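Trainee: So that we are looking at the same thing, I have put the structure below in structure tokens.
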Amino acid sequence: MVVTVGVESMSGLSNVKVTAIVSDKFDSTAVISEALPSVTVLNGGTVNGDSRDGGGEFRNGVLGECREKKREIVLGKNVHARCLEVTEPDANDEWTGDKEAYMASVLARYRKTLVERTNHHLGYPYNLDFDYGDLAQLQHFSINNLGDPFIESNYGVHSRQFEVGVLDWFARLWEIEKNEYWGYITNCGTEGNLHGILVGREVFPDGILYASRESHYSVYKAARMYRMECVKVGTLVTGEIDCADFKSKLLPNKDKPAIINVNIGIISFSVSLSQSDPVTLELISATLFCRYYCKGAVDDLDLVIQTLEECGFSPDRFYIHCDGALFGLMMPFVKRAPKVTFKKPIGSVSVSGHKLVGCPMPCGVQITRLEHINALSRNVEYLASRDATIMGSRNGHAPIFLWYTLNRKGFKGFQKEVQKCLRNAHYLKDRLREAGISAMLNELSSTVVFERPWNEDFVRHWQLACEGNMAHVVVMPNVTIEKLDYFLNELVKMRLVLYQDEKVQPPCLAADIGNENCACLLHKQSIGVN
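Residue numbers for the sequence shown follow our numbering, beginning at 5 and rising by one.
As structure tokens, then:
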């Protein structure tokens, strides 16, 4: 059964047919409910039972979390999903050119949508300021780096020479000799975490994985995939790992090796789990749910190592994977930032290539010690290479984009961009505070956490990442002062409408970002807000 519907005009594709394909065996009664943010009205109207602009719920005079409206999801198929219809060319299309014209129209409108969405992007850690026009000539080739980057396979259309050049650059950055490391260009940041934790598991098959509650969800995915025992460690209000709690979790398990995920300023999905029992794999599978905590936390690597040593773990009994998704590439260019280096007893480091670097397709870099990779590597005759990666076929274009950017910018170029990001992040935090808005910025981060805007249309318009009463902006190289001013002016105007009624007060964020950063009625005096 095929249902054809029209696309809403705000998508920029109002004249295009789209379809939702439903199986002939579709059972309309087999549905489950999924909570989604309510639809709000920008120019007034009654939403969520309140006559103000937008949608919000007021509890005892305090703006609470937006109510959620239910959306029905068919088991195995989301019938609300929309897609651009794929149709067969007409018999005479070769002469009329109607299909080509139709597709050109779709793509032109889609590009217009992308331009608008790029101009109003603040909540996710992607550098959208790039120009790869020189690389368009390579899009005519199917470049595949399957197998080990350091062993050429029988497939000749590859970019290993670029890939190894990029890996050598990161090896210098993280201070490990060429003959002591192994690594590859991954398809995303998650793959780097999956690989790093897999290497740790292969080195210590009976090891226990330790990760903070604000680690990226892919860390817990790795535990589930590899059937690893996993212990969740508490965090400080800044979002970094609480090493006192880490120590209390290590001591009862001194008989088993430790595999530790250390967060290096990630934009993280924290995982909330039941507290009644030790956090085992089965418990994770049964009870986890994701909350988007977005503080840009940097775990204290030196303190983590010190805690391990104090608990009697020697370097040959622990493996540390550093998840540096975003800030792993920023930290080397921040003067006061602690160093992530293989001169310390770490096992692997991964970063994303589509974040600070600005690669237009998802990718990442994963580097580990050469001595560890033999536990994972296997010969593959079909490839005439070694298999030590998570994926088989790997995007051969991504290393070229990374190589191109690293060569153009170099260390000094990235240093300037990082300084710009941190400077603009402090500007945003200060402006929010001046406007009486709760806001927090970790010292070594460009992620500004603040009071969640109450209007969900505003949230979607600026593509903000939210959790509970918090939202965040990730200040990347493409985020200018002018863009921040435009965002702030809209935000302040919206809040003036909401809080003109003195009976309505901002929510308290002290538990999430600390008393000193909260501008609620109770705490605003402590940060000098009028």
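For every residue, glycine included, the Cβ atom is placed at its ideal position computed from N, Cα and C. Remember, predicted model here, so these are calculated numbers, not experimental data.
Compare the Cα-Cα distances from residue 392 to each of 198, 312, 120 and report the closest residue.
Mentor: Taking the sequence shown and counting its residues from 1, one reaches residue 392 at position 388. Taking only the C-alpha atoms, the option nearest residue 392 is 198.
Trainee: Within the same chain, show all residues whose beta-carbon is closer than 6 Å to that of residue 527, passing over the 5 residues directly before and after it, in chain order.
Mentor: Numbered from its first residue, the sequence shown carries residue 527 at position 523. Closer than 6 Å at Cβ, skipping near neighbours: 514, 519.
Trainee: Mind reading off the beta-carbon distance from residue 323 to residue 211? Whole number of angstroms is fine, and I expect it under 8 Å.
Mentor: The residue labelled residue 323 in the question sits at position 319 within the sequence shown. The residue labelled residue 211 in the question sits at position 207 within the sequence shown. Going by Cβ atoms, the distance from residue 323 to residue 211 rounds to 7 Å, so yes, they are a contact pair.
Trainee: Are the CB atoms of residue 325 and residue 245 nearer to each other than 9 Å?
Mentor: As a first step, residue 325 is located in the sequence shown; it is residue number 321 there, counting from the start. As a first step, residue 245 is located in the sequence shown; it is residue number 241 there, counting from the start. It is not a contact, given that the beta carbons lie outside the stated cut-off.
Trainee: Find the nearest neighbour of residue 183 within the set 132, 377, 112, judged by alpha-carbon distance.
Mentor: In the sequence shown, counting from the first residue as 1, residue 183 sits at position 179. Ranking 132, 377, 112 by Cα distance to residue 183 puts 377 first.
Trainee: Could you spell out the range, first to last residue, of the alpha helix (DSSP H) harbouring residue 217?
Mentor: Taking the first residue of the sequence shown as position 1, residue 217 is located at position 213. Premise fails: residue 217 is in no alpha helix (DSSP H) and is neither H nor E.
Trainee: Tell me where the beta strand (DSSP E) around residue 236 begins and ends.
Mentor: Locating residue 236 in the sequence shown gives position 232, counting from the first residue. Unbroken beta strand (DSSP E) run through residue 236: 234–237.
Trainee: Check for me: the beta strand (DSSP E) holding residue 444 runs from which residue to which?
Mentor: Along the sequence shown, read from residue 1 onward, the residue named residue 444 stands at position 440. Residue 444 -> beta strand (DSSP E) spans 443–445.
Trainee: To which residues does DSSP link residue 432 through a beta bridge?
Mentor: Looking up residue 432 in the sequence shown gives position 428. Its beta-bridge partners do not exist; DSSP assigns none.
Trainee: Return the chain-ordered list of same chain residues with a C-beta closer than 8 Å to the C-beta of residue 311, the five sequence neighbours on each side being excluded.
Mentor: As a working mapping, residue 311 is identified with position 307 in the sequence shown. The residues are 247, 250, 251, 254.
Trainee: Is residue 515 helix, strand or coil when you go by DSSP?
Mentor: Taking the sequence shown and counting its residues from 1, one reaches residue 515 at position 511. Residue 515: helix per DSSP, three-state reduction.
Trainee: Output needed for residue 332: all residues of its chain with C-beta closer than 8 Å, excluding positions within five of it in sequence on either side, in chain order.
Mentor: As a working note, residue 332 is residue 328 in the sequence shown. For residue 332, where only same-chain residues beyond five positions count, the Cβ hits under 8 Å are 268, 269, 326, 344, 353, 354, 355.
Trainee: Cα-Cα, which of 476, 464, 517, 430 is closest to residue 485?
Mentor: Position 481 of the sequence shown holds residue 485. Here the closest residue by C-alpha is 430.
Trainee: In the DSSP assignment, the beta strand (DSSP E) including residue 453 goes from what residue to what residue?
Mentor: As a working note, residue 453 is residue 449 in the sequence shown. Segment 451–455, the beta strand (DSSP E) holding residue 453.
Trainee: Quick one: Cα of residue 234 to Cα of residue 180, how far?
Mentor: Looking up residue 234 in the sequence shown gives position 230. Looking up residue 180 in the sequence shown gives position 176. Each residue's alpha carbon lies about 29 Å from the other.
Trainee: Taking the C-alpha atoms as reference points, what is the distance between residue 88 and residue 120?
Mentor: Counting from 1 along the sequence shown, the entry for residue 88 is found at position 84. Counting from 1 along the sequence shown, the entry for residue 120 is found at position 116. For residue 88 and residue 120, the distance between alpha carbons rounds to 20 Å.
Trainee: Taking DSSP as the reference, what is the three-state secondary structure of residue 521?
Mentor: Taking the sequence shown and counting its residues from 1, the one referred to as residue 521 is at position 517. Residue state, collapsed to three classes: helix.
Trainee: Taking the C-alpha atoms as reference points, what is the distance between residue 122 and residue 105?
Mentor: The residue labelled residue 122 in the question sits at position 118 within the sequence shown. The residue labelled residue 105 in the question sits at position 101 within the sequence shown. Approximately 26 Å, taken between the alpha carbons.
Trainee: Distance, Cα to Cα, residue 74 vs residue 420?
Mentor: Within the sequence shown, numbered from 1, the residue matching residue 74 stands at position 70. Within the sequence shown, numbered from 1, the residue matching residue 420 stands at position 416. Caution applies to residue 74, whose pLDDT of 41 falls short of 50 and renders its modelled position unreliable; the model cannot decide the point.
Trainee: Under a three-way DSSP split, which group does residue 170 fall into?
Mentor: Counting from one through the sequence shown, the residue named residue 170 turns up at place 166. Of the three classes helix, strand and coil, the one that applies to residue 170 here is helix, per DSSP.
Trainee: In its own chain, which residues sit with a C-beta less than 6 Å from the C-beta of residue 303, not counting the 5 before and 5 after it?
Mentor: Counting from 1 along the sequence shown, the entry for residue 303 is found at position 299. Around residue 303: 244, 245, 266, 267.
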